[in-house]
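Here's the structure we're looking at; comments come further down.
Residue numbers (the numbering used here): 749 to 899.
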């Protein structure tokens with residue numbers, strides 16, 4: 749039996765999916781969602797600490813997610829194609845480039861990510877005003893593909 753395409757953001761199958769949120773609502777999320785939709789962003793990085801704090805399971809290969817925009821509207825469905833948990837020091841250039849934000853070095857990628865993870869919003873979300881990362885911090889490297897554009 750052939751899978752039926754999603755009919756749009758109001759498709760009940762979309763509402764049943766895990767929600768994928770890139771960054772916090774605002775300009776950065778809008779930029780990241782646009783990169784997902786135009787195919788530039790095929791990987792993302794999360795903190796194991798964030799999954800644990802939210803009591804959320806780590807992503808799994810084959811799981812589909814509804815990508816939401818800053819207004820909370822589903823705009824795409826993605827499917828996880830690979831998941832690795834590694835220390836922050838082991839993030840490689842391919843992963844950094846595939847995040848679709850124009851990074852050309854791992855150092856550049858790390859600087860931007862540390863700025864985000866050490867930011868007020870992330871620290872508040874983790875409930876830890878002094879949260880920091882270092883080379884040993886476990887991160888979740890997730891690769892995905894867009895299976896439906898819901899716009």
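Beta carbons are placed, not taken as given, at the ideal position from N, Cα and C, and that holds for glycine. Remember, it's a predicted structure, so these values are computed and weren't measured experimentally.
So for residue i, helix, strand or coil by DSSP?
i           : result
residue 897 : strand
residue 760 : helix
residue 845 : helix
residue 868 : helix
residue 890 : strand
residue 751 : coil
Is the distance from the Cβ of residue i to the Cβ of residue j below 8 Å?
i           : j           : result
residue 896 : residue 819 : no
residue 881 : residue 799 : no
residue 757 : residue 898 : yes
residue 826 : residue 871 : no
residue 857 : residue 851 : yes
residue 854 : residue 844 : yes
residue 885 : residue 835 : yes
residue 848 : residue 788 : yes
Could you tell me how far apart the beta carbons of residue i and residue j are, in whole angstroms, since I believe they sit closer than 8 Å?
i           : j           : result
residue 796 : residue 890 : Rounded, the Cβ-Cβ distance is 12 Å, inconsistent with contact.
residue 808 : residue 828 : 6 Å
residue 784 : residue 815 : 6 Å
residue 766 : residue 817 : In fact, because the Cβ distance is near 16 Å, the residues do not count as touching under 8 Å.
residue 840 : residue 791 : Not really, about 10 Å apart at Cβ, beyond 8 Å.
Taking residue i as part of the beta strand (DSSP E), name the residues at either end of that continuous run.
i           : result
residue 812 : 812 to 816
Tell me which residue opens and which closes the alpha helix (DSSP H) that residue i is part of.
i           : result
residue 862 : 854 to 865
How about residue i: is its C-beta nearer than 8 Å to some C-beta of chain B?
i           : result
residue 784 : The structure shown contains no chain B; it is built from a single protein chain.
3-residue-minimum beta strand (DSSP E) runs that sit fully inside the segment 764 to 834, ordered along the chain: 766 to 768, 791 to 795 and 812 to 816
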